[in-house]
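S.K.: Before we start, here is the structure in question, set down as structure tokens.
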Amino acid sequence: MSLRTNPRTLTFSIISGLLLLIAMPSAAQVPSAKDSNFVEDNPVVARLDSLATLAFFTNEKFTTDRDKLNIYHFPADSIPYYPDSVYRARIEQLNLHSPFQYVYNDQVKAYVELYTSKKRKLASRMLGLAELYFPMFEEQLDIYEIPLELKYLAIIESALNPIAKSRCGASGLWQFMLATGKMYNLQVTSYVDDRFDPYKSTVAACRHLRDLYAIYHDWAIVLAAYNAGSGTINRAIRTANLDTNQRVTYWNIRSFLPVETQNYVPAFIGASYMMNYSAEHNIYPVAPEYFSCEIDTITLRSMVTLNQIASYLCIPIAQVQFLNPAYKKGVIPASPQTPYVLRLPRNLMVDFINNQESVYAYKSPQDLQSDKDLAAASTMKPPVTTTTTQKPGTTTTTTTTTTTTTTQVKPATTTTTTTTTQVKPATTTTTKPATTNKYVYHTVQSGDSLWSIAGRYKATVDELRRLNNLKSSSTIYPGQKLKVAVTG
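Okay, so the sequence shown: first residue is 2 according to the numbering used here, each after it adds one.
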């Protein structure tokens, strides 16, 4: 929500924002982690669930069937264009049904053509993603008494990409900057970034839009302030030097705004047009991975990783990450004092609820391999080597459990009197080290680091990494158990 949306970067934003929509692997491609202890759902309850969700689908008007949607009988490769009079009439229809002031001009036409001609395939993907996000957007906009059409704001902000992040740090569907997000209770920690949470960020966006409207009483100016900030808008109003009786509108201060903000409202109107008149441009939705009615939520009070959930429930990890984008490192650091929400497909939520303890205890193949490597390293015996020292007339051989070392000393200077001393080979012995290492397991607490843990046990960070098969880029998380060597 800073100066980041301009006519040159809008296209890039849409392209990069929709890369996540490349088809994800199906659940059938994931090896099963279910065992004999897996608790299947009660069939009676399952039938009740099926009946409860039936209405969502019998009343569902959404379809991706081009034959049904192509009511104008366009050829598959046709890109329709219309005269200005048609665009103006259609946008006037939008204006009649919204408190937002829709207008048509050359700037708006440029963005209509962007969405309906140059970026048609990406527009199709956004039409599909709208089926996942728009029901939730509309619910919150209605609660805060904001025009429902402002749901299209997320299109120009993020192209409906929940993990979108701009170069200046704005993040999520609604592109909150860190400071602005904190004003609306969007918390950011090392493990969680609420700006990426679809629900929390939508609530925050509604509150922010409501606050801006209380200042400006004009929805177009509200959008401009959402993009550029209130300070920029106030400076533009002063610079415009309008007559005392002249009403302040976006269009009569537009020329005094930054270029990015001058294009922001036309882009919003262009996106609104595309979402309402896609069929008239031979554009049809791509089916989303999930519909809004297919997602369920549960509150967790124990820590778990997304990898544990995906592996145990046999769902691609990419899908779990897509539904839970706020967990930056794949860890849900939930506790009784700090609960967090997990989102899953409705049909898998039942399996999670029935098998929660097993999910928490489950270790993925990657976890098991790490444990196996650690066990092998801890039982490995050091190699037996020989150290040989040679002097004139003296040979000593000692077998030790150290690295092979050979030292040769030059013969001593010869004198007139020669003395020869022969020493019998020393008895082969193995010397035990003065101290032995014992191992303990440290449970990582919030705020721990490898450096602090090493200091506590008088160890080194490198030693901790070696014992726990950690790379320099590895991250530790609360609840993780680390093997530590202590001198005994």
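Every residue gets a Cβ at the ideal spot worked out from N, C-alpha and C, and that includes glycine.
1. Given 8 Å as the limit, is there contact between the stretch 249–269 and the stretch 284–300, that is, 3 or more CB pairs closer than that?
2. How many angstroms separate the CA atom of T387 from the CA atom of A327?
3. Which runs of the alpha helix (DSSP H) spanning at least 4 residues fall entirely within the stretch 67–127, listed in chain order?
4. Is the number of C-beta pairs between the stretch 133–140 and the stretch 86–99 that are closer than 8 Å three or more?
5. What whole-angstrom Cβ distance do L130 and A280 have, given they're in contact under 8 Å?
6. Could you check how far apart the C-beta atoms of Y285 and T65 are, in whole angstroms? I think they sit under 8 Å.
7. Do N283 and F75 have their beta-carbon atoms positioned less than 8 Å apart in this structure?
8. For L243, I'd like the list of residues in its chain whose CB is within less than 7 Å of its CB, leaving aside the five on either flank, ordered along the chain.
9. Could you check what DSSP says for G480 in three-state terms: helix, strand or coil?
10. For the beta strand (DSSP E) that contains T298, what are its first and last residues?
11. Compare the Cα-Cα distances from F269 to each of A455, K364, K152 and report the closest residue.
12. Where does W452 land, buried or exposed, given buried means 16+ other C-beta within 10 angstroms?
13. When you compare the CB positions of P289 and E146, do they come within less than 8 Å of one another, or not?
14. Can you tell me the Cα-Cα spacing of N308 and L154, whole angstroms?
15. Does the Cβ of R73 have 16 or more other Cβ atoms within 10 Å, making it buried, or fewer, making it exposed?
16. Quick check on N469: buried or exposed, where buried means 16 or more other Cβ atoms within 10 Å of its Cβ?
17. Whose CA, out of N228, A215, I144, lies closest to the CA of C169?
18. What residues are listed by DSSP as bridge partners for R344?
19. How is the alpha helix (DSSP H) around C207 delimited, first residue to last?
20. Under three-state DSSP, which class holds V249?
21. Could you name the residues of the same chain whose beta carbon sits closer than 6 Å to that of K482, not counting the 5 residues immediately before and after it, in chain order?
22. What does a CB cutoff of less than 7 Å around I318 pick up in its chain, not counting 5 residues either side in sequence?
23. Could you check if N264 is buried or exposed, using at least 16 other CB atoms within 10 Å of its CB as the buried criterion?
24. Return helix, strand or coil for F292, following the three-state DSSP convention.
25. Going by other Cβ atoms of all chains shown within 10 Å of its Cβ, with 16 needed for buried, is P32 buried or exposed?
26. Let me know the secondary structure DSSP gives L55 once reduced to three states.
27. Under three-state DSSP, which class holds I284?
28. Applying the 10 Å Cβ sphere with the 16-neighbour rule, what's the burial state of P100?
29. So who's on the other strand from K364, going by DSSP bridges?
30. By the 10 Å Cβ neighbour count, where 16 or more other Cβ atoms means buried, how is N246 classified, buried or exposed?
31. Please return the same chain residues whose Cβ sits closer than 8 Å to the Cβ of S293, not counting the five positions on each side in sequence.
32. Per DSSP, I333 is paired with what?
33. Drop a sphere of 10 angstroms on the beta-carbon of H98, count the other beta-carbons inside from all chains shown, and report buried for 16 or more, exposed for fewer.
34. So, V109 versus G271, is the Cβ gap smaller than 8 Å?
35. For I80, count neighbouring C-beta atoms within 10 Å of its own C-beta (all shown protein chains included) and say buried if the count is 16 or more, exposed if not.
36. Tell me whether K122 is buried or exposed, calling it buried when 16 or more other Cβ atoms sit within 10 Å of its Cβ.
M.R.: Let me lay it out:
1. no
2. Locating residue 387 in the sequence shown gives position 386, counting from the first residue. Locating residue 327 in the sequence shown gives position 326, counting from the first residue. Residue placement at T387 is flagged as unreliable, the pLDDT there being 45, under the threshold of 50; the coordinate-derived value follows with that caveat. Taking the straight line from one Cα to the other gives about 57 Å.
3. 67–70, 85–97, 107–114
4. no
5. Your numbering for residue 130 matches position 129 in the sequence shown. Your numbering for residue 280 matches position 279 in the sequence shown. That belief does not hold up - the Cβ atoms of L130 and A280 are roughly 17 Å apart, past 8 Å.
6. Reading the sequence shown from its first residue, position 284 is the one you call residue 285. Reading the sequence shown from its first residue, position 64 is the one you call residue 65. Their Cβ separation, rounded to whole angstroms, is 6 Å, which keeps Y285 and T65 in contact under 8 Å.
7. By 1-based counting over the sequence shown, the position of residue 75 is 74. By 1-based counting over the sequence shown, the position of residue 283 is 282. Cβ distance < 8 Å, so F75 and N283 count as in contact.
8. For the purposes of this step, residue 243 is identified with residue 242 of the sequence shown, where counting begins at 1. Excluding sequence neighbours, L243 sits near V249, N253.
9. Looking up residue 480 in the sequence shown gives position 479. It is coil, neither helix nor strand.
10. Counting from one through the sequence shown, the residue named residue 298 turns up at place 297. Per DSSP, T298 belongs to the beta strand (DSSP E) from 296–301.
11. To locate residue 269, count along the sequence shown from 1; it is residue 268. Closest option to F269, Cα to Cα, is K152.
12. Reading the sequence shown from its first residue, position 451 is the one you call residue 452. Burial call: exposed.
13. In the sequence shown, counting from the first residue as 1, residue 289 sits at position 288. In the sequence shown, counting from the first residue as 1, residue 146 sits at position 145. Taking 8 Å as the Cβ cut-off, P289 and E146 do not qualify as a contacting pair.
14. For the purposes of this step, residue 308 is taken as residue 307 along the sequence shown, with counting starting at 1. For the purposes of this step, residue 154 is taken as residue 153 along the sequence shown, with counting starting at 1. Those two C-alpha atoms are separated by around 33 Å.
15. Along the sequence shown, one-based indexing puts residue 73 at 72. The amino acid at residue 73 is misidentified as Arg; the sequence shows Tyr. Result: exposed.
16. Locating residue 469 in the sequence shown gives position 468, where the first residue counts as 1. With 16 or more Cβ atoms within 10 Å of its Cβ, N469 is classed as buried.
17. For the purposes of this step, residue 169 is identified with residue 168 of the sequence shown, where counting begins at 1. Minimum Cα distance to C169 is reached at N228.
18. Mapped onto the sequence shown, residue 344 falls at position 343. DSSP output for R344 lists T298 as bridge partner(s).
19. Position 206 of the sequence shown, counted from the start, is the residue given in the question as residue 207. Per DSSP, C207 belongs to the alpha helix (DSSP H) from 199–217.
20. Counted from its first residue, the sequence shown places residue 249 at position 248. Residue state, collapsed to three classes: coil.
21. Reading the sequence shown from its first residue, position 481 is the one you call residue 482. Y442, T444.
22. Here residue 318 refers to the residue found at position 317 of the sequence shown. So the list reads L307, N308, A311, once near-sequence residues are dropped.
23. Taking the sequence shown and counting its residues from 1, the one referred to as residue 264 is at position 263. Counting Cβ neighbours within 10 Å, N264 comes out buried, since at least 16 surround it.
24. Position 291 of the sequence shown, counting from 1, holds the residue named residue 292. The answer is coil: DSSP assigns F292 none of H, G, I, E or B.
25. Residue 32 sits at position 31 when you count from the first residue of the sequence shown. Only weak support is given to the placement of P32: the predicted model assigns it a pLDDT of 46, under 50, and the question is left unresolved by the model.
26. As a first step, residue 55 is located in the sequence shown; it is residue number 54 there, counting from the start. Note on L55: pLDDT 43, under 50, position unreliable in the model; no value is reported.
27. As a first step, residue 284 is located in the sequence shown; it is residue number 283 there, counting from the start. Correct three-state label for I284: coil.
28. For the purposes of this step, residue 100 is taken as the residue at position 99 of the sequence shown. It counts as exposed.
29. Translated into positions along the sequence shown, residue 364 becomes position 363. DSSP output for K364 lists no bridge partner at all.
30. What you label residue 246 is simply residue 245 of the sequence shown in a count that begins at 1. Result: exposed.
31. Translated into positions along the sequence shown, residue 293 becomes position 292. Same-chain partners within the cutoff: E132, L133, Y134, F135, P136, M137.
32. Along the sequence shown, read from residue 1 onward, the residue named residue 333 stands at position 332. Partner(s): V305.
33. The residue given as residue 98 occupies position 97 in the sequence shown. It is exposed - the Cβ of H98 has fewer than 16 other Cβ atoms within 10 Å.
34. As a first step, residue 109 is located in the sequence shown; it is residue number 108 there, counting from the start. As a first step, residue 271 is located in the sequence shown; it is residue number 270 there, counting from the start. Taking 8 Å as the Cβ cut-off, V109 and G271 qualify as a contacting pair.
35. For the purposes of this step, residue 80 is identified with residue 79 of the sequence shown, where counting begins at 1. Exposed, since its Cβ has fewer than 16 Cβ neighbours within 10 Å.
36. Along the sequence shown, one-based indexing puts residue 122 at 121. K122 should be labelled exposed.
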